[in-house]
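Asks:
Numbering (my numbering), first residue to last: 350 to 528.
1) Helix, strand or coil for residue 507 per DSSP?
2) Mind checking if residue 465 is an interface residue toward chain C, Cβ cutoff 8 Å exclusive?
3) Tell me whether the beta-carbon of residue 520 lies closer than 8 Å to the beta-carbon of residue 358.
4) Taking three-plus beta-carbon pairs below 8 Å as touching, is the stretch 417-433 in contact with the stretch 388-405?
5) Below 6 Å CB to CB, which residues in the same chain sit around residue 483 once its five sequence neighbours on both sides are set aside?
6) So, are the CB atoms of residue 475 and residue 527 less than 8 Å apart?
7) Just to confirm, is the Cβ distance from residue 498 to residue 477 under 8 Å?
8) Leaving out five residues before and five after residue 491 in sequence, what residues of the same chain have Cβ atoms less than 8 Å from its Cβ?
9) Where DSSP assigns a beta bridge to residue 382, which residues make up the other side?
Laid out in structure tokens, this is it:
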């Protein structure tokens, strides 16, 4: 059965995107990362939030603009949205409810990971009890404002078990299992 993994690069102060969803900060922190490189062949599908799907691209103005993981991965993508576009997007399925999105993305992933992209969809998967693991690549930068890794107004306590810690020049990778 496919596992749901929320993977993301985060600033040291807890932001995955800058103000207004700005992802330009991320470009200088992308580079060889064996943890991510080893993960990509294990990803069978993506479950992406609509804000992430239509948002800022850290690969903007490069040959890999618009490609998942900068062209390092390809496969079925599912976008969770209340407003699917009128025109189809090749390789992308738009889904309007979380349960259908989880079921479809897991089926498409086979026995591999469903990689969850987007803070809000990850929070929804966590609340539904569907999120299995979290991989955070902590970049050596502080943004001061933006989209938080995990935002739950009123707070909550999510217990995690550390599976691994690795360091590369541009990040410290923290991998957890959701308990």
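Note that the Cβ used here is the ideal one computed from N, Cα and C, for glycine as well. As the structure is a prediction and not an experimental result, all values here were calculated from the model.
Replies: By the coordinates alone:
1) Three-state result, residue 507: coil.
2) Looking for chain C here will not work: only one protein chain is present.
3) Yes, the pair counts as a contact, with Cβ atoms nearer than the cut-off.
4) Yes: the two stretches touch, three or more of their Cβ pairs being nearer than 8 Å.
5) In chain order, 355, 525 place their CB closer than 6 Å to the CB of residue 483, counting only its own chain and leaving out the 5 sequence neighbours on each side.
6) Going by C-beta atoms, residue 475 is nearer than 8 Å to residue 527.
7) Cβ atoms of residue 498 and residue 477: not closer than 8 Å.
8) A distance below 8 Å between beta-carbons, with the five flanking residues on each side excluded, links residue 491 to the following residues of its chain, in chain order: 360, 361, 362.
9) In the DSSP output, where bridge partners are listed per residue, residue 382 has none listed.
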